[in-house]
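Here is the structure we will look at.
Protein chains: 2
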Amino acid sequence: MITPEPHILEPMVRRLAYRVSLDAADREALLALPFTVRTVERGGYIVREGDIATRTSVMLSGFSVRSKTVGSGARQIVSIHMRGDMVDLQNSLLDTADHTVEMLTRGRIAEIARNEIWRIAADRPMVARAMWRETLVDGSIFREWLANIGRRDARTRLAHLFCEFALRLKVAGLADAGQYELPMTQEQLADATGLTSVHINRTIRGLEADRFIERDDPRRIHIMDWDRLAEVGDFQSEYLHLRDGDTVIV
Amino acid sequence: MITPEPHILEPMVRRLAYRVSLDAADREALLALPFTVRTVERGGYIVREGDIATRTSVMLSGFSVRSKTVGSGARQIVSIHMRGDMVDLQNSLLDTADHTVEMLTRGRIAEIARNEIWRIAADRPMVARAMWRETLVDGSIFREWLANIGRRDARTRLAHLFCEFALRLKVAGLADAGQYELPMTQEQLADATGLTSVHINRTIRGLEADRFIERDDPRRIHIMDWDRLAEVGDFQSEYLHLRDGDTVIV
DNA sequence: CGTAGGCTTGAAAAGCGTCAATAGGAGTGG
DNA sequence: CCACTCCTATTGACGCTTTTCAAGCCTACG
Chain A
567 MITPEPHILE PMVRRLAYRV SLDAADREAL LALPFTVRTV ERGGYIVREG DIATRTSVML
627 SGFSVRSKTV GSGARQIVSI HMRGDMVDLQ NSLLDTADHT VEMLTRGRIA EIARNEIWRI
687 AADRPMVARA MWRETLVDGS IFREWLANIG RRDARTRLAH LFCEFALRLK VAGLADAGQY
747 ELPMTQEQLA DATGLTSVHI NRTIRGLEAD RFIERDDPRR IHIMDWDRLA EVGDFQSEYL
807 HLRDGDTVIV
Chain B
567 MITPEPHILE PMVRRLAYRV SLDAADREAL LALPFTVRTV ERGGYIVREG DIATRTSVML
627 SGFSVRSKTV GSGARQIVSI HMRGDMVDLQ NSLLDTADHT VEMLTRGRIA EIARNEIWRI
687 AADRPMVARA MWRETLVDGS IFREWLANIG RRDARTRLAH LFCEFALRLK VAGLADAGQY
747 ELPMTQEQLA DATGLTSVHI NRTIRGLEAD RFIERDDPRR IHIMDWDRLA EVGDFQSEYL
807 HLRDGDTVIV
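Going down the list, the sequences are from chains A and B. Here our numbering = 1-based position in the first sequence + 566. Here our numbering = 1-based position in the second sequence + 566.
Given below as structure tokens:
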């Protein structure tokens with residue numbers, strides 16, 4: 567018996583169909599999009615500040631971050647991307663990229679020309695709707711991050727990020743139970759939370775000391791008790807706009 | 567001679583046509599959208615967290631802010647809206663609002679049913695494109711705010727906000743030279759920048775002492791020298807995606 | 001087996017928050 | 001028109017969270 571090879575763009579279709587119902591023709595049209603696959607090393611760039619946007623990149627594997635650099639040289643990570651995310655849908659209508667997208671780990675991306683995206687959006691209303699929805703969820707996450715960085719202390723901020731990670735990984739099918747491998751260094755966690763790596767270290771160790779999480783290896787997070795972690799992280803999953811079953815970790 | 571009464575939705579059309587070219591038919595279709603006008607008092611709500619989104623509100627006059635409240639009770643303002651902004655385009659595809667929109671000043675809004683927005687977007691590709699672009703610019707501003715709050719110190723953060731305000735007011739035709747009336751209290755500025763009102767006060771006074779700005783009345787900001795303020799605020803206007811002529815204050 | 005990147009920890013400093021008190025102005029009711 | 005209240009702005013004193021600077025350690029990898 568032969569299992570048919572899954573289509574490379576399958577993660578994108580799965581994502582778009584997550585909360586908008588796409589019919590067979592929609593799915594077929596999506597899978598028929600012309601694309602090129604590229605493997606990018608850890609630290610490699612998908613988009614650089616100032617680039618002219620000509621294509622959208624779909625994450626197939628690995629993790630990437632979108633970041634901005636301020637005048638002092640400090641960096642702020644504004645979003646984290648994983649399998650299924652369409653990384654540059656955001657910028658497809660704007661002239662030049664105002665940020666950088668960089669791989670956190672080695673991974674593969676599928677690049678789709680911008681005009682192909684526009685064409686399918688014009689032809690297939692439900693696909694347009696699904697993509698539109700993705701960007702709105704993105705915006706919702708940006709707003710939550712603003713609240714997180716602007717108004718929560720270090721412990722809450724970090725616990726919140728760990729919760730978000732857990733759910734998004736679960737939805738992307740990349741982690742199951744309450745444990746996962748963090749794809750970020752403590753310095754990157756610092757850039758994502760608006761803290762310093764030293765303070766991230768102390769805060770992680772504090773969460774560990776108080777048994778919210780456990781780590782065998784510095785990057786492997788075990789969530790001891792989802793409810794407790796969500797509480798200390800002031801985490802409510804609504805902003806991720808997930809399906810009901812996906813809003814908690816068992 | 568009679569000057570024809572300008573149409574109430576004119577500010578919205580002007581905004582949408584700002585960087586996407588809309589033809590006469592597009593404009594007509596936009597102006598033909600059914601709407602209801604509502605005057606909202608200072609402190610009144612346009613959207614409340616948990617509301618089910620059924621309509622989009624176009625700001626006709628006055629100012630509003632979008633905010634989220636965290637567990638500790640602290641509030642984070644995530645965006646500021648003025649004439650021409652379509653406040654709820656963001657949430658039109660998502661189930662329930664994950665934030666609140668509140669008037670900073672008395673003002674008028676035009677409410678348009680969500681399905682009307684969808685209809686015109688489906689019928690008129692360039693209108694869809696213009697609205698899509700608006701939400702992308704919104705996202706770009708969220709990202710800049712994340713960098714601002716996460717990685718800049720209080721003085722830079724506040725100066726940056728003052729610069730953004732100056733340009734947006736100018737583009738909306740609400741302020742001309744380098745001076746404007748701030749529609750926000752210092753406490754609201756604090757909620758927008760992730761600081762406290764006490765520290766905002768000290769920071770404003772510092773900017774004043776060093777002659778970046780002048781104030782006769784606590785709310786009236788005079789920008790002494792745009793280049794200096796932009797420098798201290800680490801402000802580069804690209805993220806607002808304005809037309810070339812609109813990127814500086816005379 | 002040496003080097004580099006990431007993690008960890010200590011000590012001290014700085015920026016920003018908290019608490020508290022005062023003052024001015026706008027609106028309100030008598 | 002005055003007394004009263006509420007809201008906003010302002011300032012001082014103090015304290016705490018987070019940063020900065022610095023050093024040591026571990027592990028992966030060439």
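Every residue gets a Cβ at the ideal spot worked out from N, C-alpha and C, and that includes glycine.
Next item on the list: Specify whether the segment 785-801 of chain A and the segment 611-627 of chain B touch according to this definition: at least 3 beta carbon pairs, one from each stretch, less than 8 Å apart.
Entry: No: fewer than three Cβ pairs fall under 8 Å.
Next item on the list: Return yes when the Cβ of Ala743 of chain B is within less than 8 Å of the Cβ of Val798 of chain B, no when it is not.
Entry: Counting from 1 along the second sequence, the entry for residue 798 of chain B is found at position 232. Counting from 1 along the second sequence, the entry for residue 743 of chain B is found at position 177. No, these two residues do not count as a Cβ contact at 8 Å.
Margin query: Using a 10 Å radius around the Cβ and a threshold of 16 neighbouring Cβ atoms, would you call Pro691 of chain A buried or exposed?
Written below: The residue you call residue 691 of chain A lines up with position 125 of the first sequence. By the 10 Å Cβ count, Pro691 of chain A comes out exposed.
Note to self: By the 9 Å beta-carbon criterion, what residues does the segment 656-682 of chain A contribute toward chain B?
What the structure shows: Listed in chain order, the positions of the segment 656-682 of chain A with a beta carbon within less than 9 Å of a beta carbon of chain B are Gln656, Asn657, Ser658, Leu659, Leu660, Asp661, Thr662, Asp664, His665.
Check: For Pro691 of chain A, which residues in chain B fall below 7 Å Cβ to Cβ?
Finding: Looking up residue 691 of chain A in the first sequence gives position 125. The answer, in chain order, is Ala688.
Check: At a CB-CB cut-off below 8 Å, which residues of chain B make contact with Gly811 of chain A?
Finding: In the first sequence, residue 811 of chain A corresponds to position 245, counting from 1. In chain order: nothing, as chain B lies at least about 15 Å away.
Check: Any idea what DSSP makes of Tyr805 of chain B, helix, strand or coil?
Finding: Translated into positions along the second sequence, residue 805 of chain B becomes position 239. Collapsing the DSSP output to three states places Tyr805 of chain B in a helix.
Next item on the list: Indicate the three-state DSSP secondary structure (helix, strand or coil) for Met790 of chain A in the structure shown.
Entry: As a first step, residue 790 of chain A is located in the first sequence; it is residue number 224 there, counting from the start. Collapsing the DSSP output to three states places Met790 of chain A in coil.
Checklist line | Minimum Cβ-Cβ distance from Ile612 of chain B to chain A less than 8 Å | finding: The residue you call residue 612 of chain B lines up with position 46 of the second sequence. The beta carbon of Ile612 of chain B does not come within 8 Å of any beta carbon belonging to chain A, so the residue lies off that interface.
Item checked: Chain-ordered chain B contacts of Glu804 of chain A [CB-CB under 8 Å] -> Position 238 of the first sequence holds residue 804 of chain A. Per Cβ cutoff of 8 Å: Thr662, Asp664.
Notebook entry, point to check: Would the segment 708-727 of chain B and the segment 712-724 of chain A be scored as touching if the rule is three or more Cβ pairs under 8 Å?
Noted result: Output reads yes: the segment 712-724 of chain A touches the segment 708-727 of chain B.
Item checked: Beta-carbon contacts of Ala738 of chain B that lie in its chain and below 6 Å, excluding the five residues immediately before and after -> Within the second sequence, numbered from 1, the residue matching residue 738 of chain B stands at position 172. Within the same chain, and ignoring the five residues on either side of Ala738 of chain B in sequence, the residues whose Cβ sits closer than 6 Å to its Cβ are Met648, Arg649, Gly650.
Checklist line | Residues that Ile715 of chain A contacts on chain B, provided the C-beta gap is smaller than 9 Å | finding: Residue mapping note: residue 715 of chain A aligns to position 149 of the first sequence, counting from 1. Contact annotation for Ile715 of chain A against chain B: Gln642, Leu712, Ile715, Gly716, Gly760 [CB-CB distance below 9 Å, chain order].
Checklist line | Residue from A:Ala758, A:Met697, A:Asp782, A:Thr751 with nearest C-alpha to Arg632 of chain A | finding: For this step, residue 632 of chain A is matched to residue 66 along the first sequence. Comparing alpha carbon positions, the residue from A:Ala758, A:Met697, A:Asp782, A:Thr751 closest to Arg632 of chain A is A:Ala758.
Notebook entry, point to check: Excluding sequence positions up to five away, which residues of its chain have a Cβ less than 7 Å from the Cβ of Glu753 of chain A?
Noted result: By one-based count along the first sequence, residue 753 of chain A stands at place 187. Once the five neighbours on either side are set aside, the close Cβ partners of Glu753 of chain A are Ser763.
Notebook entry, point to check: Which runs of the beta strand (DSSP E), 3 residues or longer, sit entirely within the segment 593-617 of chain B?
Noted result: The qualifying runs are 602-606, 611-613.
Notebook entry, point to check: Quick one, which of A:Ala679, A:Leu733, A:His573 has its alpha-carbon nearest Tyr805 of chain A's?
Noted result: To locate residue 805 of chain A, count along the first sequence from 1; it is residue 239. Here the closest residue by C-alpha is A:Leu733.
Margin query: Any beta carbon of chain A sitting closer than 8 Å to that of Val817 of chain B?
Written below: Outside the shown range of chain B (567 to 816) lies residue 817 of chain B, about which nothing can therefore be said.
Note to self: So with CB distances below 9 Å, who are the chain A contacts of Asp800 of chain B?
What the structure shows: Sequence index remark: in the second sequence, residue 800 of chain B carries index 234 (1-based). Within chain A, the residues Val636, Gly637, Ser638 have their CB atoms less than 9 Å from the CB of Asp800 of chain B, given in chain order.
Check: Whose CA, out of B:Ile618, B:Arg608, B:Val644, lies closest to the CA of Ser627 of chain B?
Finding: Locating residue 627 of chain B in the second sequence gives position 61, counting from the first residue. Shortest Cα-Cα distance from Ser627 of chain B to any of B:Ile618, B:Arg608, B:Val644 involves B:Arg608.
Next item on the list: Using a Cβ-Cβ cut-off of 8 Å, state whether Thr751 of chain A counts as contacting chain B.
Entry: As a first step, residue 751 of chain A must be located in the first sequence, where it is residue number 185. Any Cβ of chain B closer than 8 Å to the Cβ of Thr751 of chain A would place that residue at the interface, and such an atom is absent.
Notebook entry, point to check: If you compare alpha carbons, which of B:Val636, B:Arg781, B:Ile770, B:Glu780 is closest to Leu712 of chain A?
Noted result: Counted from its first residue, the first sequence places residue 712 of chain A at position 146. If you compare the alpha carbons of B:Val636, B:Arg781, B:Ile770, B:Glu780 with that of Leu712 of chain A, the shortest gap goes to B:Val636.
Next item on the list: Count the C-beta pairs between the segment 570-577 of chain B and the segment 656-671 of chain B that are closer than 8 Å, then say yes if the count reaches three, no if not.
Entry: Cβ pair count under 8 Å is below three, so no.
Checklist line | Own chain partners of Ser623 of chain A with C-beta closer than 6 Å, once the 5 adjacent residues on each side are dropped | finding: Counted from its first residue, the first sequence places residue 623 of chain A at position 57. Answer for Ser623 of chain A: Ile612, Val653, Asp654, Ile675, Glu677, listed in chain order.
Margin query: Using DSSP's beta-bridge definition, name the partner residues of Gln545 of chain B.
Written below: Only positions 567 to 816 of chain B appear in the structure, and residue 545 of chain B is not among them; the question remains open.
Next item on the list: Check the Cβ-Cβ distances between His765 of chain A and every residue of chain B, and say whether any is below 8 Å.
Entry: Position 199 of the first sequence holds residue 765 of chain A. With its beta carbon at least 8 Å from every one in chain B, His765 of chain A lies outside the interface.
Note to self: With H, G and I counted as helix, E and B as strand and the rest as coil, what does DSSP make of Glu571 of chain B?
What the structure shows: Residue 571 of chain B sits at position 5 when you count from the first residue of the second sequence. Coil.
Notebook entry, point to check: Around the C-beta of Ser645 of chain B, are 16 or more other C-beta atoms found within 10 angstroms, so that it is buried, or is it exposed?
Noted result: Mapped onto the second sequence, residue 645 of chain B falls at position 79. With 16 or more Cβ atoms within 10 Å of its Cβ, Ser645 of chain B is classed as buried.
Checklist line | Nearest to Phe629 of chain B (by Cα), restricted to the options B:Pro570, B:Thr751, B:Leu773 | finding: For this step, residue 629 of chain B is matched to residue 63 along the second sequence. Closest in alpha carbon position to Phe629 of chain B, among B:Pro570, B:Thr751, B:Leu773, is B:Thr751.
Note to self: Quick check on DSSP: helix, strand or coil for Ser623 of chain A?
What the structure shows: Start at 1 with the first residue of the first sequence, and residue 623 of chain A comes out as number 57. If DSSP states are grouped into helix, strand and coil, Ser623 of chain A belongs with the strands.
Next item on the list: In the DSSP assignment, find the unbroken alpha helix (DSSP H) run with Ser630 of chain A in it and report its ends.
Entry: The residue labelled residue 630 of chain A in the question sits at position 64 within the first sequence. Unbroken run through Ser630 of chain A is the beta strand (DSSP E), 630-635; no alpha helix (DSSP H).
Next item on the list: Locate the alpha helix (DSSP H) running through Gly705 of chain A, then write down its first and last residues.
Entry: Reading the first sequence from its first residue, position 139 is the one you call residue 705 of chain A. First-last of the alpha helix (DSSP H) with Gly705 of chain A: 691-717.
Notebook entry, point to check: For Ile643 of chain B, which of helix, strand or coil comes out of DSSP?
Noted result: Looking up residue 643 of chain B in the second sequence gives position 77. Strand at Ile643 of chain B.
Checklist line | Residue environment, Val579 of chain B, which counts as buried when at least 16 other CB atoms sit within 10 Å | finding: Along the second sequence, one-based indexing puts residue 579 of chain B at 13. Val579 of chain B comes out buried.
Next item on the list: May I ask you to report which of helix, strand or coil DSSP gives Ile770 of chain B?
Entry: Reading the second sequence from its first residue, position 204 is the one you call residue 770 of chain B. Looking at Ile770 of chain B - three-state DSSP - the assignment turns out to be helix.
Notebook entry, point to check: Are the CB atoms of Arg721 of chain B and Thr662 of chain B nearer to each other than 8 Å?
Noted result: Along the second sequence, read from residue 1 onward, the residue named residue 721 of chain B stands at position 155. Along the second sequence, read from residue 1 onward, the residue named residue 662 of chain B stands at position 96. Not a contact, by the Cβ cut-off of 8 Å.
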